Amino acid sequence: MAPRNVLFLMTDQHRVDTLGCYGNPLVDTPALDALAAEGTRLDRFYTPTAICTPARASLATGLHPFRHGMLNNPERNGGSKDELSDEDPMLWGQLKDQGYSVGHVGKWHIGRERGPEFYGLDGEHLPGALNPVHHPSYEKWLEENGFPPFSVSEPVFGTAANGTGRGHLIAGRLQQPAEATIEAFLTDRTLGLLDRYAAEWKANATPFMLSCHWYGPHLPYLIPDSYYDLYDPDDVPLPASMAETFAGKPEVQRQYSAYWSSDDFDAAAWRKLIAVYWGYVTMIDHQAGRLIEALKGHGLWDDTAVFFTADHGEFTGAHRLNDKGPAMYEDIYRIPGIARVPGAPAQVSDDFASLIDLNPTILELAGAPVPEQCDGTSLLPLLHGADSGGTRDEIVAEFHGHHFPYSQRMLRDRRHKLVHNPESVHELYDLETDPHELHNVYDAPAYAEVRRDLTVRLYRELLRRGDPAYTWMSYMADIGGDRAADVDGVAEEVA
Numbered sequence: 034m035a036p037r038n039v040l041f042l043m044t045d046q047h048r049v050d051t052l053g054c055y056g057n058p059l060v061d062t063p064a065l066d067a068l069a070a071e072g073t074r075l076d077r078f079y080t081p082t083a084i085c086t087p088a089r090a091s092l093a094t095g096l097h098p099f100r101h102g103m104l105n106n107p108e109r110n111g112g113s114k115d116e117l118s119d120e121d122p123m124l125w126g127q128l129k130d131q132g133y134s135v136g137h138v139g140k141w142h143i144g145r146e147r148g149p150e151f152y153g154l155d156g157e158h159l160p161g162a163l164n165p166v167h168h169p170s171y172e173k174w175l176e177e178n179g180f181p182p183f184s185v186s187e188p189v190f191g192t193a194a195n196g197t198g199r200g201h202l203i204a205g206r207l208q209q210p211a212e213a214t215i216e217a218f219l220t221d222r223t224l225g226l227l228d229r230y231a232a233e234w235k236a237n238a239t240p241f242m243l244s245c246h247w248y249g250p251h252l253p254y255l256i257p258d259s260y261y262d263l264y265d266p267d268d269v270p271l272p273a274s275m276a277e278t279f280a281g282k283p284e285v286q287r288q289y290s291a292y293w294s295s296d297d298f299d300a301a302a303w304r305k306l307i308a309v310y311w312g313y314v315t316m317i318d319h320q321a322g323r324l325i326e327a328l329k330g331h332g333l334w335d336d337t338a339v340f341f342t343a344d345h346g347e348f349t350g351a352h353r354l355n356d357k358g359p360a361m362y363e364d365i366y367r368i369p370g371i372a373r374v375p376g377a378p379a380q381v382s383d384d385f386a387s388l389i390d391l392n393p394t395i396l397e398l399a400g401a402p403v404p405e406q407c408d409g410t411s412l413l414p415l416l417h418g419a420d421s422g423g424t425r426d427e428i429v430a431e432f433h434g435h436h437f438p439y440s441q442r443m444l445r446d447r448r449h450k451l452v453h454n455p456e457s458v459h460e461l462y463d464l465e466t467d468p469h470e471l472h473n474v475y476d477a478p479a480y481a482e483v484r485r486d487l488t489v490r491l492y493r494e495l496l497r498r499g500d501p502a503y504t505w506m507s508y509m510a511d512i513g514g515d516r517a518a519d520v521d522g523v524a525e526e527v528a
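Residue numbering for the sequence shown follows the working numbering, beginning at 34 and increasing consecutively.
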């Protein structure tokens, strides 16, 4: 197969249920809906961990977070690695070895100092977790185009749980037109690289991978009035899981609710915040549409695979939480996944798949070898509608902490979800009878067999992966006789 060009579009902290193609009848996302209509919509697509840097590092390396070792965001590092190891495989470097031009625009967030230029990519490193609204390149672009500088009115803050005053900035009205937003700036920069790569493709058949990673719709939701007021809050349904009581749940969830002052916003305020979040999604969809139309305008639609996804989801009030954190709910672990490969059928896939799987998928598209240590599985056969010989019926994810270390592991199958919390109570949800994950049935006698089955399956998978979390489960979890033979090194030798 001839190498394919790749256009890779990524958002940050993006709820899957904000897209029309994923069933939301109220949010206007025509560009991404059209992409899904022509490609594969992955309906059970999950992040390996719901936090930015580790998830993005897994996409880059094809490795589980515990293997690449970047377990936290650098801004709130709990002692894990600041940068990827030089020995780790790097998707973009592997593509360059195949003769690809490789460009990256927007959020990188894979390490504290090293940016795309360190790895030889075209594009500028915009550091940090949030929109770099005072970066010199953006401010210069504003000036050159006669746009007003960044300014926000009517900011919406939470309150600090310790009584010290103002809490987190959640939203605000951006005093710039939509064409002056940093989302538009990133799209313009991507269009510039696309023009260059299209010319190289036509002149020399040089393939390319071009990525545009927007920082939104990550909070704070700072968007122009035209999008801030796009949706009527009265039309916005509140998440059913706002009925959360935290009864029988890990105490850390209640603490995170207080940290984000979620209960300080009443129903009307939450409806408005969700409406603004929806507006942010629509604003980014417009920018995605600009890139897709430019690709078609260059005559590259039949030569380019297009991917859209996110690093993880967002709570926006679900479970009385905001942002993300140590709570392995669907809101932040299930993510959008759309892939359009020329010649492949339009379809919806019900198989479980992971963000990590996009790494070997892109390598296979490029005709590049997939490293032996890669933890992902290429989705290319699935995208082409081939019978894989069996469906993937479960997904395993991990979490290592955000503001502080906090270890979790999750196994989710088609009906149940088990969350192993070594520092607290474990969780078990029946997603058929309790789709909003409100009732922890881990200790319910009726679920004893299910609990044991999922625990053993999770343990076996962690053991297979070599995830050190299995060592705790070896002595503390209900795994029966399935324990690893030698958890303590020489224990079996001296027994």
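Think of the CB as a built atom: it goes at the ideal place given N, C-alpha and C, for glycine as much as any other residue. Because the structure is a prediction, the values reported are computed rather than measured.
Spatially closest choice to D1 from T488, L461 and D467, by CA coordinates: The question about residue 1 has no answer, for the chain in this structure spans 34 to 528.
Locate the alpha helix (DSSP H) running through D318, then write down its first and last residues. Where D318 is concerned, the enclosing alpha helix (DSSP H) stretches over A300 to G330.
For the putative contact between D299 and S290, defined by C-beta atoms under 8 Å, what is the C-beta separation to the nearest angstrom? Not quite, the Cβ-Cβ distance comes to about 15 Å (not below 8 Å), so this is no contact.
Measuring alpha carbon to alpha carbon, tell me which of H319, V269 and A372 ends up nearest R304. When each option's Cα is compared against that of R304, the closest is V269.
Return yes when the Cβ of L128 is within less than 8 Å of the Cβ of A399, no when it is not. Against a cut-off of 8 Å, the Cβ pair of L128 and A399 comes out as a contact.
Element boundaries [alpha helix (DSSP H), containing P393]: Element bounds for P393: L391 to L398.
Nearest candidate by alpha-carbon position, reference T349, set G370, A273, Q288 and K282: For T349, the closest C-alpha among the options G370, A273, Q288 and K282 is that of A273.
Could you check the C-alpha separation between F241 and A401 for me, to the nearest Å? Just so you know, the alpha carbons of F241 and A401 end up roughly 13 Å apart.
Contact belief for Q286 with H352 at Cβ below 8 Å, rounded distance in angstroms: At roughly 7 Å, the Cβ-Cβ gap stays under 8 Å, so Q286 and H352 are in contact.
Cβ-based burial, G40 [other Cβ within 10 Å; buried from 16]: Residue 40 is actually Leu in this sequence, not Gly. Flag for L40 reads buried.
Write down the C-beta distance between L68 and F341 rounded to the nearest angstrom, noting that I regard them as a contact closer than 8 Å. Contact between L68 and F341 holds, with the beta-carbon distance rounding to 6 Å and staying under 8 Å.
Quick check on S134: does DSSP put it in helix, strand or coil? DSSP, read as helix, strand or coil, puts S134 in strand.
Inter-residue CB distance, L271 and L243 (contact presumed, cutoff 8 Å): That belief does not hold up - the Cβ atoms of L271 and L243 are roughly 39 Å apart, past 8 Å.
Taking F78 as the reference, give the member of S259, R447, P169 and L207 with the closest Cα. Out of S259, R447, P169 and L207, the CA that lies nearest to the CA of F78 is found in R447.
Per-residue burial, Y508 [other beta carbons within 10 Å of its own, 16 or more giving buried]: When all chains shown are included, Y508 counts as exposed.
Nearest-angstrom Cα separation, counted from A372 out to M123: When only Cα atoms are considered, M123 and A372 end up about 21 Å apart.
Beta-carbon separation (whole angstroms), Y248 vs I215, contact threshold 8 Å: That pair is a contact at about 7 Å.
With three or more beta-carbon pairs closer than 8 Å as the criterion, would you say the stretch 100-107 touches the stretch 359-373? Three or more Cβ pairs closer than 8 Å define a contact, and the stretch 100-107 falls short of that threshold against the stretch 359-373.
If you follow the beta strand (DSSP E) that D66 is in, where does it begin and where does it stop? Not the beta strand (DSSP E): D66 falls in the alpha helix (DSSP H), residues P63 to E71.
So, F190 versus L207, is the Cβ gap smaller than 8 Å? Going by C-beta atoms, F190 is not nearer than 8 Å to L207.
Given that a residue counts as buried once 16 or more other Cβ atoms are within 10 Å of its Cβ, and exposed if not, what is H417? Label assigned to H417: exposed.
Does R109 pass the burial test, meaning 16 or more other C-beta atoms within 10 Å, or should it be called exposed? That one is exposed.
Across which residues does DSSP place Q441 in a beta bridge pair? Q441 pairs with F432.
Tell me which same chain residues have a C-beta within less than 7 Å of the C-beta of V166, skipping the five on either side of it? Excluding sequence neighbours, V166 sits near F183 and I215.
Hey, does H101 have any beta-carbon neighbour from chain D nearer than 8 Å? Here there is only one protein chain, and chain D is not present.
Whole angstroms is fine: what's the gap from S186's alpha carbon to G434's? Near 33 Å, if we compare the C-alpha coordinates of G434 and S186.
Per-residue burial, S118 [other beta carbons within 10 Å of its own, 16 or more giving buried]: With fewer than 16 Cβ atoms within 10 Å of its Cβ, S118 is classed as exposed.
Spatially closest choice to Q441 from D426, R425 and V458, by CA coordinates: Of D426, R425 and V458, the residue nearest in Cα terms is V458.
For Q209, does the count of other Cβ atoms within 10 angstroms reach 16, so buried, or fall short, so exposed? Buried, because 16 or more other Cβ atoms sit within 10 Å of the Cβ of Q209.
Entirely within the stretch 240-306 and at least 3 residues each: give me those beta strand (DSSP E) ranges in chain order. As far as the stretch 240-306 is concerned, its whole beta strand (DSSP E) runs of at least 3 residues are 241-246 and 254-257.
Nonlocal neighbours in the same chain, by C-beta distance under 8 Å from H168, ignoring five residues either side: Closer than 8 Å at the Cβ level, and outside the excluded window around H168, lie L159.
Hey, how far is the Cα of V527 from the Cα of A518? Looking at the two C-alpha atoms, the distance is approximately 13 Å.
Would you identify the three-state DSSP class for Q380, choosing helix, strand or coil? Look at Q380 here: in three-state DSSP terms it is strand.
Near Y292, what residues of its chain come up, given a Cβ to Cβ distance below 7 Å and the 5 sequence neighbours on each side ignored? In the same chain as Y292, and ignoring 5 residues on each side of it, the C-beta atoms closer than 7 Å to its own belong to A194, in chain order.
Flag this pair as touching only if the stretch 377-394 and the stretch 74-90 have three or more C-beta atom pairs under 8 Å; answer yes or no. A contact exists between the stretch 377-394 and the stretch 74-90.
Name the residue from L496, P438 and L219 whose alpha carbon lies nearest to the alpha carbon of H246. Closest in C-alpha terms to H246, from the list L496, P438 and L219, comes L219.
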